[in-house]
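Counting in numbering that gives the first Met the number 0, the sequence shown runs from 0 upward without gaps.
In this text, a Cβ means the ideal position worked out from N, Cα and C, and glycines have one as well.
The model shown is predicted, which means the values in this text are computed figures rather than measured ones.
Below is one structure, written out as structure tokens, with a few remarks after it.
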Amino acid sequence: MGFALGSSDKQLLAALGQGHEAAFEVLFGRYYQGLRRYASTLLRFPTDAAEDVVAEVFCSLWDARTRLVVTGSVAAYLYTAVKHRALDRLREQRRTPL
């Protein structure tokens, strides 16, 4: 089943819960660049660390697809997940001796 780029986030999330990879691909394409820029701003790191954070969030999204409940907007969920993952990364960096 294909999903149009104009499909709503809620429709895509419902399809994702049923295991539709195409819905995941549309969500990824819709949010990846913005999430990467946001993570890069939070981390003040080279872009590859921001890309890792966003990739981890999308992997978690796919892994949790059948049990995921998003009550607000999908965008808010993803940006919050990236923020928490980036903050975890910063905490790990502080704990690691140079």
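*asked:* Quick check on D47: buried or exposed, where buried means 16 or more other Cβ atoms within 10 Å of its Cβ?
replied: In the sequence shown, residue 47 corresponds to position 48, counting from 1. Exposed, by the Cβ-count rule.
*For L86, count neighbouring C-beta atoms within 10 Å of its own C-beta (all shown protein chains included) and say buried if the count is 16 or more, exposed if not.*
Here residue 86 corresponds to residue number 87 of the sequence shown, with the count starting at 1. By the 10 Å Cβ count, L86 comes out exposed.
*Do the CB positions of A38 and V81 come within less than 8 Å of each other?*
Indexing the sequence shown from 1 puts residue 38 at position 39. Indexing the sequence shown from 1 puts residue 81 at position 82. Yes. Within cutoff.
*Is Q17 close to chain D, meaning its C-beta is less than 8 Å from at least one C-beta of that chain?*
The structure shown contains no chain D; it is built from a single protein chain.
*By how many angstroms is the C-alpha of Q32 removed from the C-alpha of P45?*
Here residue 45 is taken as the residue at index 46 of the sequence shown, counted from 1. Here residue 32 is taken as the residue at index 33 of the sequence shown, counted from 1. Their backbone Cα atoms lie some 15 Å apart in a straight line.
_alpha helix (DSSP H) segment containing A80, residue limits_ = As a position in the sequence shown, residue 80 is number 81, starting the count at 1. Element bounds for A80: 73-94.
_7 Å Cβ shell around F27 - same chain, five flanking residues per side excluded_ = Mapped onto the sequence shown, residue 27 falls at position 28. So the list reads F57, once near-sequence residues are dropped.
_CB contact flag (L42, R94, <8 Å)_ = Within the sequence shown, the letter at position 43 stands for residue 42. Within the sequence shown, the letter at position 95 stands for residue 94. No, they are not a contact pair.
_Check for me: the alpha helix (DSSP H) holding T46 runs from which residue to which?_
Residue 46 sits at position 47 when you count from the first residue of the sequence shown. It spans 46-62 - the alpha helix (DSSP H) in which T46 sits, taken as one unbroken run.
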